[in-house]
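Everything below concerns the one structure shown next.
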Amino acid sequence: MVRDDAVLDAAQIQDRYFLRGSGTEYAPKGLRFQLLGTSYAATNILTMTGAPDLQKVDNDLGRMELALGNANVPYIGAHWIMSPRTAMYLTNLRDGNGNKVYPEMSEGMLRKKPVHITTEIPDNLGGGTESEIMLVHPAHILVGEHMGIEVAMSTEAAYKDSEGTMQAAFSRDETLMRMIMQHDIGARHLPAIAVLTEVTWGA
43 MVRDDAVLDA AQIQDRYFLR GSGTEYAPKG LRFQLLGTSY AATNILTMTG APDLQKVDND
103 LGRMELALGN ANVPYIGAHW IMSPRTAMYL TNLRDGNGNK VYPEMSEGML RKKPVHITTE
163 IPDNLGGGTE SEIMLVHPAH ILVGEHMGIE VAMSTEAAYK DSEGTMQAAF SRDETLMRMI
223 MQHDIGARHL PAIAVLTEVT WGA
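Add 42 to the 1-based position in the sequence shown for this note's numbering, that's all there is to it.
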């Protein structure tokens, strides 16, 4: 059970880096940052329209779809990725007659595209209330994987604690677990990614 829980935690960490990894020596560059420093940053990294209302929200979602379409990436088949707060806002959004604007959100769809909801998209960006939405076409995303997840356990190994002091598992009656994952992610066609920033829907 402990091993299974650790594997689930590792999968969530993988999501974190695949979405928002900084691209350092020990972490892949996540989808959010693939466009930075490229010519597509100006066209595919968008900012939420201020003072959002029903029409502005709908227009912003359309702008993201158009960013893909203008680069000859079919936005039919793309997937939305957003935080729970943003998803709940869109689920509860109603028109002037009290009708839900996006009733398909209850089935995990938005504008005929699948929605992935994750806490790995923060809600505390910018001034502390901003989030982001990504629209990604998975056919243009490449994931490299080596060995899957390698798990090893030991009662004899040593490790450094949070204060940098060497500790021995045997003398402390501990069992250590080590997990190694080797993954990378990239886009074979960069404009298959669109990002809406400074999203305060539901804040």
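For each residue, glycine too, the CB sits at the ideal point set by N, CA and C.
For residue j and residue i, the rounded distance between their alpha carbons
i	j	result
M219	A236	38 Å
F75	A69	12 Å
K98	Q224	41 Å
L135	G79	35 Å
G150	H188	31 Å
D100	L177	14 Å
L167	P126	15 Å
G206	N112	52 Å
D95	I191	45 Å
R58	V143	30 Å
L132	P156	14 Å
Q54	S213	32 Å
A194	R62	27 Å
L152	T160	15 Å
M42	A93	With the chain running from 43 to 245 in the structure shown, residue 42 is simply not present.
G138	A84	34 Å
D215	Q56	30 Å
M130	G169	21 Å
Bounding residues of the alpha helix (DSSP H) (the contiguous stretch that carries residue i)
i	result
P246	What the structure shows of the chain is the stretch from 43 to 245, and residue 246 is not part of that stretch, so it cannot be assessed.
A109	L96 to G111
M130	P126 to N134
Start-to-end residues for the beta strand (DSSP E) that takes in residue i
i	result
T239	I235 to V241
T85	No beta strand (DSSP E) holds T85; the alpha helix (DSSP H) holding it covers A83 to N86.
Same chain, Cβ closer than 6 Å to residue i, neighbours up to 5 away in sequence not counted
i	result
A200	M208 and A210
F60	G72 and I227
Y82	L232 and P233
S64	none
K165	The sequence shown places Asp at residue 165, not Lys. Counting only Cβ-Cβ distances below 6 Å, and skipping sequence neighbours, we find S125, R127 and S173.
Same chain, Cβ closer than 7 Å to residue i, neighbours up to 5 away in sequence not counted
i	result
D226	P70 and G186
H182	V115, A229, R230, H231 and A234
G140	none
I222	E192
Integer-rounded CB distance, given that residue j should sit under 8 Å from residue i
i	j	result
N86	L73	Not quite, the Cβ-Cβ distance comes to about 11 Å (not below 8 Å), so this is no contact.
T197	T217	5 Å
M90	T242	7 Å
I175	W122	7 Å
T66	G244	Rounded, the Cβ-Cβ distance is 31 Å, inconsistent with contact.
A120	H179	4 Å
Same chain only: Cβ atoms within 8 Å of residue i, ignoring 5 sequence neighbours per side
i	result
L88	D102, R105, M106, A109, A236, V237, L238 and T239
K154	I118 and E146
L184	I227, G228, A229 and R230
K202	M208 and Q209
S204	none
Mind listing, in chain order, the continuous alpha helix (DSSP H) runs of no fewer than 4 residues lying wholly within the segment 156-217?
-> List check, alpha helix (DSSP H) in window: nothing returned.
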